[in-house]
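Engineer: Sequential numbering from 1 applies to the sequence shown in the UniProt record's numbering. We put the CB at the ideal spot given by N, CA and C, even for glycine.
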Amino acid sequence: MTVEQPGIEALGDHDYLVHVPLDDDVVTIRMRATPEIVTRIGGADSDETRVIAATVAYLVSRQRADDLPEQLDLDDVAAAYDDYVADLHTQMANRANNTRPESLSP
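#1: Which value, in whole angstroms, describes the spacing of the CA atoms of Glu70 and Val51?
#2: Rounded to the nearest angstrom, how far is the Cβ of Ala33 from that of Glu48, given a contact under 8 Å?
#3: Determine the burial state of Gly12: buried for a count of at least 16 other Cβ atoms within 10 Å of its Cβ, exposed for fewer.
#4: Over the uninterrupted beta strand (DSSP E) stretch that includes Gly7, give me the two end residues.
#5: Quick check on this structure: which residue in Ala79, Ile29 and Asp25 has the alpha carbon closest to the alpha carbon of Ala57?
#6: Is Ala80 buried or exposed, if buried means 16 or more other CB atoms sit within 10 Å of its CB?
#7: Starting from Met31, follow its DSSP beta bridges and name the residues at the other end.
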């Protein structure tokens, strides 16, 4: 079974449309990522799109995409899930550590 990645469309002003494949359908969720929550999760140089993608993965691991609200603010996700910010912060830090180039030698 292949798990399809959600499509993320930047709308500007920290808003995104996320298209999550589900069975033979696609669930669309409008998400908002304020700079404050993005920094809490991934640090000062965080990529909002990566935080959105990690948030979607976090949420759909806990419930079906079609059970999620049509609009989500990451601040609301943080309020609803006590471990959300810490879990994503750890996950993103681990990814950053695993993607560092080991050496620039030939």
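Structural biologist: According to the structure data:
#1: 18 Å
#2: 5 Å
#3: exposed
#4: Gly7 to Gly12
#5: Ile29
#6: exposed
#7: Bridge partners of Met31: Tyr16 and Leu72.
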